[in-house]
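Chemist: Residue numbers for the sequence shown follow the working numbering, so the first one is 223 and each next one is one higher. The structure follows.
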Amino acid sequence: MRYYPATLERVEEHGKTYYIGSMQFSENSFANAQGETEAETIAELESSLVGSVEFAIKNEEIFPEPRKPQKGEILVLMPTLVEVKMLINNERVKRKLSKTELGKLAGFTPAEMQCLLNPWYKSGIDKLDKLAQALNQKLHLTLS
Numbered sequence: 223m224r225y226y227p228a229t230l231e232r233v234e235e236h237g238k239t240y241y242i243g244s245m246q247f248s249e250n251s252f253a254n255a256q257g258e259t260e261a262e263t264i265a266e267l268e269s270s271l272v273g274s275v276e277f278a279i280k281n282e283e284i285f286p287e288p289r290k291p292q293k294g295e296i297l298v299l300m301p302t303l304v305e306v307k308m309l310i311n312n313e314r315v316k317r318k319l320s321k322t323e324l325g326k327l328a329g330f331t332p333a334e335m336q337c338l339l340n341p342w343y344k345s346g347i348d349k350l351d352k353l354a355q356a357l358n359q360k361l362h363l364t365l366s
């Protein structure tokens, strides 16, 4: 599992309390969220994280590794399925392979590839494993 550091600030204004969350992935990549509760704001940050991965995949960009958290920051979970898609996409981009080219190596159509690399789509891990194998990579999952 991968966690990205974020700030979470409680704001009181005009007798109302709300929370503002913020994450920065790189110099030009960041996400913000706002909610009535901490839990709601963290859920919005998680959604923003997935959306940021989607943006990177669509734009043929490598999504950055999480930086070390600083004191007072919270950690926002990147869902495991999204993490696998992000890692496969990062490797694909490093190798300068198109989605279609990777799909051909793994035996998937271009339409299937659009779904498989979409971080919102609930892909089967077996299909993502085939993509990793097509890149001569192995998926390693551990419990700790």
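All C-beta atoms, glycine included, are put in the ideal place defined by N, C-alpha and C.
1) State the DSSP-derived secondary structure class of Met223, mapped to helix, strand or coil.
2) Does Ala253 pass the burial test, meaning 16 or more other C-beta atoms within 10 Å, or should it be called exposed?
3) Please classify Asn358: does DSSP put it in a helix, a strand, or coil?
4) Report, in whole angstroms, the separation of the C-beta atoms of Gly243 and Thr229, which I expect to be a contact under 8 Å.
5) Could you check whether Met300 and Leu271 sit closer than 7 Å to each other, using their CB atoms as the reference points?
6) For Phe252, report the span of its beta strand (DSSP E) as first-last.
7) In the DSSP assignment, find the unbroken beta strand (DSSP E) run with Gln246 in it and report its ends.
8) Given a cut-off of 7 Å, decide if Glu313 and Leu267 are closer than it, judged by their beta-carbon atoms.
9) May I ask you to list the residues that DSSP assigns as paired with Glu272?
10) Our contact map puts Ser248 next to Pro286 with C-beta atoms below 8 Å; I'd like the distance itself, whole angstroms only.
Modeler: Inspection of the coordinates gives the following:
1) coil
2) buried
3) Three-state result, Asn358: coil.
4) 7 Å
5) yes
6) Counting along the chain, the beta strand (DSSP E) containing Phe252 begins and ends at 251 to 257.
7) 238 to 248
8) no
9) Checking the sequence shown, residue 272 turns out to be Val, not Glu. DSSP lists no bridge partner for Val272.
10) 5 Å
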